[in-house]
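Colleague: Numbering (the working numbering), first residue to last: 2 to 214.
Glycine included, C-beta positions come from ideal geometry on N, C-alpha and C.
My questions all concern the structure below.
As structure tokens, this is what we get:
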């Protein structure tokens with residue numbers, strides 16, 4: 002029988018897949034939620050870091066007021082723990098005995114606040130949940146920073162050899178861990194509450210189970 006017999010058609014070669022263009026590749030790259038979060042987070046963090054010096058220069062008086070306010074809070078705490086040794090030297094120097102600590106902008110938790118804000122803003126959820134995360138997370142970071150300064154005062158006063166380690170290493174790592182813990186706790190709450198598009202939360206799962214029943 003010849004190859005032209007209609008009962009035995011000749012095999013057809015599958016067409017070669019068309020190469021994807023750059024737009025399709027970008028769309029595929031951006032469709033991954035983890036990749037999208039990382040890109041938005043890094044972009045926000047970089048933008049805030051670049052804008053910070055100009056903001057610090059423009060609103061220097063506000064930053065100085067924040068430093069002075071933080072110093073007064075630290076003094077109020079230390080004066081209760083060691084009333085005979087605590088001294089406040091205006092505008093932003095707290096002393097425990099002969100050991101001084103100058104409260105500068107880094108001591109107000111502003112860098113940790115920027116890091117947490119970028120992480121909260123980059124996560125895909127409703128603005129109301131993001132604002133709630135900021136309202137709860139930023140005061141927690143500030144309170145933890147007060148604990149850090151008070152602790153450093155006592156370390157510097159009574160354990161001066163450990164001050165450098167505590168200041169440069171221990172508390173830096175601890176503050177980053179604090180930021181990560183606050184953010185992860187907020188993310189767990191958002192996901193369980195069904196606040197992430199395309200991800201069913203615990204509340205949604207209970208409603209679905211109730212509907213089936």
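Answer yes or no: do residue 64 and residue 73 have a C-beta to C-beta separation smaller than 8 angstroms?
Modeller: Contact: no.
Colleague: Count Cβ pairs between the region 108 to 127 and the region 137 to 145 that sit closer than 8 angstroms; are there 3 or more?
Modeller: Verdict: yes, contact present.
Colleague: Going by the beta-carbon positions, is the gap between residue 215 and residue 125 smaller than 8 angstroms?
Modeller: In the structure displayed, the chain extends from 2 to 214; residue 215 sits before or after that span and is not available.
Colleague: Taking only heavy atoms of the ligand NAD into account, decide whether any of them is closer than 7 angstroms to the Cβ of residue 23.
Modeller: The ligand NAD is not part of this structure, which contains no ligands at all.
Colleague: Going by DSSP, which residues form a beta bridge with residue 103?
Modeller: Partner(s): 94.
Colleague: Could you check where the alpha helix (DSSP H) with residue 167 kicks off and where it finishes?
Modeller: Per DSSP, residue 167 belongs to no alpha helix (DSSP H) and is neither H nor E.
Colleague: Helix or strand or just coil, what does DSSP make of residue 47?
Modeller: The answer is helix: DSSP assigns residue 47 an H, G or I state.
Colleague: Give, in chain order, every unbroken run of the alpha helix (DSSP H) that is at least 4 residues long and sits entirely within the region 169 to 197.
Modeller: The region 169 to 197 contains these whole alpha helix (DSSP H) runs: 172 to 193.
Colleague: Check residue 87 in the structure and name its three-state DSSP category.
Modeller: Residue 87: strand per DSSP, three-state reduction.
Colleague: Tell me the rounded alpha-carbon separation between residue 1 and residue 106.
Modeller: In the structure as shown, the chain begins at 2 and stops at 214. Residue 1 is therefore absent and cannot be evaluated.
Colleague: Here's a check: name, in chain order, each residue in its chain whose Cβ is nearer than 8 angstroms to the Cβ of residue 150, leaving out the five neighbours to either side.
Modeller: Within the same chain, residue 150 has close Cβ partners 71, 75, 95, 102, 104, 108.
Colleague: What is the rounded straight-line gap between the Cα of residue 69 and the Cα of residue 177?
Modeller: Distance between the alpha carbons of residue 69 and residue 177: 24 angstroms.
Colleague: Closest to residue 147 by CA distance: which of 79, 129, 39 is it?
Modeller: It is 79 whose Cα lies nearest to the Cα of residue 147.
Colleague: What span of residues does the alpha helix (DSSP H) with residue 64 cover, start to end?
Modeller: Per DSSP, residue 64 belongs to the alpha helix (DSSP H) from 61 to 82.
Colleague: Are residue 98 and residue 86 closer than 8 angstroms when you measure CB to CB?
Modeller: Result yes, Cβ atoms of residue 98 and residue 86 sit closer than 8 angstroms.
Colleague: Do residue 110 and residue 60 have their C-beta atoms closer together than 8 angstroms?
Modeller: Taking 8 angstroms as the Cβ cut-off, residue 110 and residue 60 do not qualify as a contacting pair.
Colleague: Use the C-beta contact count for residue 187: other C-beta atoms within 10 angstroms, 16 or more gives buried, fewer gives exposed.
Modeller: Buried: at least 16 other Cβ atoms inside 10 Å.
Colleague: Considering only residues of the same chain and omitting the five flanking positions on each side of residue 145, which have a CB-CB separation below 6 angstroms?
Modeller: 179.
Colleague: Taking DSSP as the reference, what is the three-state secondary structure of residue 214?
Modeller: A caution first: residue 214 carries a pLDDT of 48, below 50, which makes its placement in the model unreliable, though a value can still be read off. DSSP places residue 214 in coil when its eight states are reduced to three.
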